[in-house]
Every structure is written in structure tokens, then in C-alpha cells.
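Residue numbers (this note's numbering): 348 to 494.
Quick look at the structure:
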């Protein structure tokens, strides 16, 4: 029997977590850095067409650096900032964190989560279920080789 869909308050889907992992301005700054590479505060300020205060951008870049998302190096009297991870790597890290959270339970608690994942995959796409089976077999072979 298919259960009705409902919303759990406080629970966010992975794509919502990616969006909410950073504040709006932080996401916009990261997008500029992913798009252009290494930038100074002045470069970011110009990219924002001066619609955000220079000092606000400076604080935001410093905050992203302290969060470990940006590299920073001194160049003359200014800092240059660059993303430490690509957009894809950032999104993957958020997804991994979601899955780790789901699986960070006792062994008895993991089985229902895995069962639910398989049910959802099989209800959406049979080919994806076959791909999941292929990936499991491949991972088992890899683990066997390591042992």
C-alpha cells in the first residue's frame, strides 16, 4: 500500500539543503567565484555592480573563508579569494552529509532507510534500480580486492 505524501516540519530535501547551506549573499558570492575563479573584494564588488556594500562583501568573503569554503592569499595590500571546492564538490558534500545523517543510526535503523531508498528508486525508474544493483556489485568486487 502506497503511503500518502506529507511534509515533515524541520526536514529538508537535499536540494533544499544545498540552497539553505549558505545565506543568499554567500551563495551569490560563491557563484561569482565559481564562475570567475580568483577574485579580490573589489572584483566581487564590481561583479555585483556595486549594489552591495564593499564592506558587506568583504565580511561575507571573510566568513566564507572561515567556513573553509574559500582559499585566501595576500596580494599586495589586498586579499584574493578562490573557491576551495567546485560547485559540484560542494553539492556532493551536502548530499553525502544528508545520507550520513540518515545512516548514522543503529544497524536496526539502517535497514528501513535502505529499504525505503530501494522502494523509492524502483517506483520511479526500473533502469535506475538496475544501475543501483550494478553499483552494489561493483563496490563489492572493489572491497573484495582490497581485502
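Where is the CB? At the ideal position from N, CA and C, for every residue including glycine.
Range of the contiguous alpha helix (DSSP H) that encloses residue i
| i | result |
| --- | --- |
| residue 437 | 434 to 450 |
| residue 411 | 401 to 413 |
| residue 372 | 371 to 383 |
Residue i, DSSP secondary structure in three states
| i | result |
| --- | --- |
| residue 484 | helix |
| residue 419 | strand |
| residue 394 | helix |
| residue 479 | helix |
| residue 387 | strand |
| residue 494 | coil |
| residue 368 | coil |
Beta-carbon proximity list for residue i, same chain, < 8 Å, skipping 5 on both sides
| i | result |
| --- | --- |
| residue 394 | 379, 383 and 386 |
Spatial distance of residue i from residue j (CA atoms)
| i | j | result |
| --- | --- | --- |
| residue 447 | residue 400 | 38 Å |
| residue 410 | residue 392 | 16 Å |
| residue 426 | residue 438 | 26 Å |
| residue 465 | residue 456 | 15 Å |
| residue 422 | residue 376 | 20 Å |
| residue 388 | residue 403 | 10 Å |
| residue 369 | residue 405 | 16 Å |
| residue 374 | residue 408 | 11 Å |
| residue 355 | residue 463 | Note that residue 355 scores a pLDDT of 45, beneath 50, so its modelled location is shaky and nothing firm can be said. |
| residue 459 | residue 479 | 17 Å |
Continuous beta strand (DSSP E) stretch holding residue i: start and end
| i | result |
| --- | --- |
| residue 427 | 425 to 430 |
The ligand FAD heavy atom lying under 7 Å from the CB of residue i
| i | result |
| --- | --- |
| residue 374 | This structure simply doesn't include the ligand FAD, nor any ligand for that matter. |
Beta-carbon contacts of residue i that lie in its chain and below 6 Å, excluding the five residues immediately before and after
| i | result |
| --- | --- |
| residue 372 | 407 |
message: Taking contact to mean 3 or more Cβ pairs, one atom from each stretch, closer than 8 Å, check whether the stretch 425 to 432 and the stretch 407 to 416 are in contact.
response: Three or more Cβ pairs drawn from the stretch 425 to 432 and the stretch 407 to 416 lie within less than 8 Å of each other, which places the two stretches in contact.
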